[in-house]
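J.: One line per chain: the protein sequences are S and R, in this order. Note that the first sequence ends on residue 113 in our numbering; no numbers are left out. Note that the second sequence ends on residue 1113 in our numbering; no numbers are left out. Glycine included, every Cβ here is placed at the ideal spot set by N, Cα and C. So that we are looking at the same thing, I have put the structure below in structure tokens.
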Amino acid sequence: QKEVEQNSGPLSVPEGAIASLNCTYSDRGSQSFFWYRQYSGKSPELIMFIYSNGDKEDGRFTAQLNKASQYVSLLIRDSQPSDSATYLCAVNRDGGSQGNLIFGKGTKLSVKP
Amino acid sequence: SQTIHQWPATLVQPVGSPLSLECTVEGTSNPNLYWYRQAAGRGLQLLFYSVGIGQISSEVPQNLSASRPQDRQFILSSKKLLLSDSGFYLCAWIQGANVDTQYFGPGTRLTVL
């Protein structure tokens, strides 16, 4: 059974701090990795995707991928109260042939003013 | 630009009643389409996906079914709803082969009483 694991949280950080969200996956064949943000009662929205080992930065967000250790993380710099949401990690499966993703259950982030 | 619609937005149905949820995508052609369910406190569960008209793959055996009568239309149905069918139903799409970035519609919140 291919799995994606995330700490459910809640992760609480003060405003302006760095929030670090982690995710591990079981399928060594996974090639694509995604972070989605989901506000309460809303659908997930894509924040970032990463395909290669290392870091990928987009504004205040940095995704980090380590395929050897099978983990992917998301750093949020200068956290804002508006970043409070559940963050879902997703990885592709089946070699990506059908675009199917496996999702973790999400980490709930709370940014305190 | 591409847009994905789902309706209805919310639905309250009695146990044993039928169900029909609709998803349509605009601004693209031949997308891969997905139905997910997110139950309270649980992760995203892939229910069905479709790579073309009339082509449906089922991920979880249950009392739900899906159909794709048109290129950009995906329908989720049930003949008799169960209490356990309650949840947040999400439609997602990706464009083309060798692409696995999924975008979600606004979702339908279903409560079965």
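Please list the partners that residue 43(S) has in chain R, where partner means a Cβ-to-Cβ separation under 7 Å.
T.: Here the neighbours are 1090, 1104, 1105, 1106, 1107.
J.: Look at residue 31(S) and residue 92(S) and say whether their C-beta atoms are less than 8 Å apart.
T.: yes
J.: Taking 8 Å as the cut-off, does the stretch 1018-1033 of chain R touch the stretch 1046-1059 of chain R (at least 3 CB pairs, one atom from each stretch)?
T.: The stretch 1046-1059 of chain R is in contact with the stretch 1018-1033 of chain R.
J.: Just how far apart, CA to CA, sit residue 1066(R) and residue 113(S)?
T.: Those two C-alpha atoms are separated by around 45 Å.
J.: Helix, strand or coil for residue 81(S)? Go by DSSP, reduced to three states.
T.: helix
J.: In this structure, does DSSP put residue 1081(R) in helix, strand or coil?
T.: coil
J.: Which chain R residues are close to residue 67(S), counting only those with a beta carbon under 7 Å from its beta carbon?
T.: Those do not exist, as residue 67(S) stays about 16 Å from chain R at its closest Cβ, beyond 7 Å.
J.: Is the distance from the Cβ of residue 29(S) to the Cβ of residue 107(S) below 8 Å?
T.: With respect to residue 107(S), residue 29(S) sits apart: the two C-beta atoms are not nearer than 8 Å.
J.: Identify the continuous beta strand (DSSP E) that holds residue 24(S) and give its terminal residues.
T.: 19-25
J.: Can you check which of these residues, 1069(R), 1063(R), 1040(R), 1060(R), is closest to residue 1054(R) by C-alpha distance?
T.: 1069(R)
J.: Name, in chain order, the residues that DSSP records as bridge partners for residue 37(S).
T.: 45(S), 87(S)
J.: Below 7 Å CB to CB, which residues in the same chain sit around residue 78(S) once its five sequence neighbours on both sides are set aside?
T.: Only 16, 60 meet the Cβ criterion.
J.: Give me the DSSP bridge partner(s) of residue 108(S).
T.: 86(S)
J.: What is the DSSP secondary structure of residue 14(S), reduced to helix, strand or coil?
T.: strand
J.: Kindly indicate which residue of 87(S), 24(S), 57(S), 42(S) has the alpha-carbon position closest to the one of residue 68(S).
T.: 24(S)
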